[in-house]
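Visitor: The structure under discussion is supplied below as structure tokens; questions concerning it will follow.
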Amino acid sequence: MHQRTRAAGGTLLLAIFAAAVAGFHPYSEDGGVYLAGVKKLLHPALYPTWAVFVTEHLRFSLFAPTVAALAHFPGLTLDWLLLLLYLLGAWATLFAGWILIAKCTVDERARWGAITLLACWLTLPIAGTSLILMDPYVTARTFSTPLVLAAIAWALSRQWLYCALALTAAAAMHPLMAGYGLAAILVLTIRPAWLPPAAALVTATILQLLAPPENLAYRQVVATRYYWFLSQWQWYEILGLLGPIAILLWLSRRQPFTQLARTAILLGTVATAIAILFARLSTTTHLVARMQPLRCFQIVYLVMALLLGAWLGERILQAKSWRWIVFLASMGAIMFSVQRNIYPHSAHIEWPGTPPRNAWQQAFLWARDNTPPDALFALDAHYITQGPGEDAQCFRAIAERSALPDYSKDGGEASITPALTDDWLRGQSAQTNLETMPNTQRHTQLTPLHVTWIVLQTNSQTAWSCPYVNATVKLCRVE
8 MHQRTRAAGG TLLLAIFAAA VAGFHPYSED GGVYLAGVKK LLHPALYPTW AVFVTEHLRF
68 SLFAPTVAAL AHFPGLTLDW LLLLLYLLGA WATLFAGWIL IAKCTVDERA RWGAITLLAC
128 WLTLPIAGTS LILMDPYVTA RTFSTPLVLA AIAWALSRQW LYCALALTAA AAMHPLMAGY
188 GLAAILVLTI RPAWLPPAAA LVTATILQLL APPENLAYRQ VVATRYYWFL SQWQWYEILG
248 LLGPIAILLW LSRRQPFTQL ARTAILLGTV ATAIAILFAR LSTTTHLVAR MQPLRCFQIV
308 YLVMALLLGA WLGERILQAK SWRWIVFLAS MGAIMFSVQR NIYPHSAHIE WPGTPPRNAW
368 QQAFLWARDN TPPDALFALD AHYITQGPGE DAQCFRAIAE RSALPDYSKD GGEASITPAL
428 TDDWLRGQSA QTNLETMPNT QRHTQLTPLH VTWIVLQTNS QTAWSCPYVN ATVKLCRVE
């Protein structure tokens, strides 16, 4: 018990370090997608049009209802709640990692080496999956990740009740990631070892054969998710699949790590085989691709970080305090630099209640405070990925106003929910090249959709009145 208490305290300090390295950007990327859903639950009148892109992902998860319920706690604002949940998620991931590595080795240096490397690598991107180990914002994965890690740890020690409870809680947050956690547990525990991979391949084959053909429109949506298809990857993304497997093969020779390393190797290999066989752009159905089997590599990367860190702690860092300090400082500096390059125009930690540095966020907040609740906005379809200085800040979650669907985030929603295809195509096509088209074309494309405001870069040409202008962005009325 004393050891567990020390681990809880130590991982808390490392979680604070990890959060300081990763930064905090609550309204960026998927954080903004999830938060729009939370805000819709808190204020049902929000997003009166195109609301399906806000609410669709809420159907299978208790994440948004849980966060919305916690937001009613007296004296706690949503922004402060998100920061607390972010820190809690970082700590829970590291502590769950400690529980898992403690099942493999009794060596204290190995255990702390594992958690130290994981803390440094929490922002490591997972090759070709559009995921990182821990997001610098709060999503359902913030909680499903530590719960899956804990479930694997308890499966390793045959504590089946705890394992089932953790996996059930993970499924309540993120069913897909919990499903891949279950796959890892089956690979870990079922013998003969070939049975779970064979079952996975048979299941994928049956799903692919029984899935109905998709229409051409939906296949256009699928084509935007290049990371579903190995044939579309860059060489360095392929290396991101092979590298962890190679490292784990090397680590598997060490007896304390053998079982966990082989589990991760087999899980990653089977996921890759399924992706090669069934996640192909040319097929008439993409049901298996839609399930994104390569997301199993989140578990592969977590196990790799833990086992490699354990080896470093035991063999390299040892009992030399200066080595630990140098290692932590150098790895932290590298990952901090990477994060600053990803969010160069935003504060590294976006503290609650602090005015944003990002010019796009400033414009979105003006829209929240100065436009009617039923306003409908159009932005360039690629504003999240191509807007200069935008840093993937999501309009809906910040402005609390309806918007036509964009190419990136709403395209992701449409790709996993085919029923959204027509709405997504109609909305994003109306906004493609919005920055450069003349007002007459904007009027022709946007007024049938009842758009009342547009967001443009400041240097875009328009004769419409623009009540808000800053150095990067302006907000204009559709006239």
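The sequence shown begins at 8 in my numbering and counts up by one. In this text, a Cβ means the ideal position worked out from N, Cα and C, and glycines have one as well. For clarity, every value in this text was computed on a predicted model and none was experimentally measured.
1. Could you compute how far the alpha carbon of Tyr93 sits from the alpha carbon of Leu140?
2. I'd like to confirm the pairing. Which residues does DSSP put opposite Phe402 in its beta bridges?
3. With a cut-off of 8 Å on the beta carbons, I'd call Leu89 and Val145 a contact; round off their distance for me.
4. According to DSSP, is Arg66 helix, strand or coil?
5. In terms of alpha-carbon separation, which member of Val28, Ile197, Thr212, Arg13 lies closest to Ile349?
6. Can you tell which of Gly418, Leu125, Pro203 has its C-alpha closest to the C-alpha of Ala191?
7. How long is the line joining the alpha carbons of Gly250 and Ala134, rounded to whole angstroms?
8. So, using beta-carbon positions, are Trp367 and Gly396 closer together than 8 Å?
9. Where does the unbroken alpha helix (DSSP H) through Val45 begin, and where does it stop?
10. Could you give the residue range of the alpha helix (DSSP H) that holds Ile461?
11. Could you give the distance in angstroms between the alpha-carbon of Ala268 and the alpha-carbon of Ala406?
12. In the DSSP assignment, what are the bridge partners of Ala385?
13. Can you list, in chain order, the residues of its chain whose CB lies under 7 Å from that of Glu63, leaving out five sequence neighbours each side?
14. Do the stretch 373-388 and the stretch 436-445 touch if we need at least three Cβ pairs shorter than 8 Å?
15. Quick one: what's Ile133 bridged to in DSSP?
16. Is there contact here, the stretch 328-343 with the stretch 356-371, by at least three beta-carbon pairs under 8 Å?
17. Which one of Lys481, Gly320, Ile356 has the shortest CA to CA distance from Ile122?
18. Can you name the residues that DSSP bridges to Ile488?
19. Give the DSSP bridge partners of Tyr475, in chain order.
20. Apart from the five residues just before and just after Ser137, which ones in its own chain have a Cβ nearer than 6 Å to its Cβ?
21. Could you spell out the range, first to last residue, of the alpha helix (DSSP H) harbouring Gly188?
22. Output the boundary residues of the alpha helix (DSSP H) element that contains Lys416.
Guide: Let me spell this out:
1. If I take the Cα positions, the gap works out to 13 Å.
2. Beta-bridge pairing links Phe402 to no other residue.
3. About 5 Å; that satisfies the 8 Å criterion.
4. Here Arg66 sits in coil by DSSP.
5. For the residues Val28, Ile197, Thr212, Arg13, the minimum Cα distance to Ile349 belongs to Val28.
6. Minimum Cα distance to Ala191 is reached at Pro203.
7. Rounded to the nearest angstrom, the gap between the Cα atoms of Gly250 and Ala134 is 10 Å.
8. Against a cut-off of 8 Å, the Cβ pair of Gly396 and Trp367 comes out as a contact.
9. In the DSSP assignment, Val45 falls within the alpha helix (DSSP H) that extends over 36-49.
10. Element bounds for Ile461: not the alpha helix (DSSP H) but the beta strand (DSSP E), 460-464.
11. Our two residues, Ala268 and Ala406, have alpha carbons roughly 45 Å apart in a direct line.
12. According to DSSP, Ala385 bridges with Ile461.
13. For Glu63, where only same-chain residues beyond five positions count, the Cβ hits under 7 Å are Glu420, Thr424, Leu427.
14. The stretch 373-388 and the stretch 436-445 touch, with no fewer than 3 CB-CB distances between them shorter than 8 Å.
15. Leu138, per the DSSP bridge assignment.
16. Here the stretch 328-343 does not lie against the stretch 356-371, with fewer than 3 beta-carbon pairs under 8 Å apart.
17. When each option's Cα is compared against that of Ile122, the closest is Gly320.
18. Examination of residue 488 is not possible in this model, given that the chain is present from 8 through 486 alone.
19. Per DSSP, the beta-bridge partners of Tyr475 are Leu482.
20. Excluding residues within five positions, the ones whose Cβ falls inside 6 Å are Tyr234.
21. 182-196 is the extent of the alpha helix (DSSP H) around Gly188.
22. Per DSSP, Lys416 is one residue of the alpha helix (DSSP H) stretching across 416-423.
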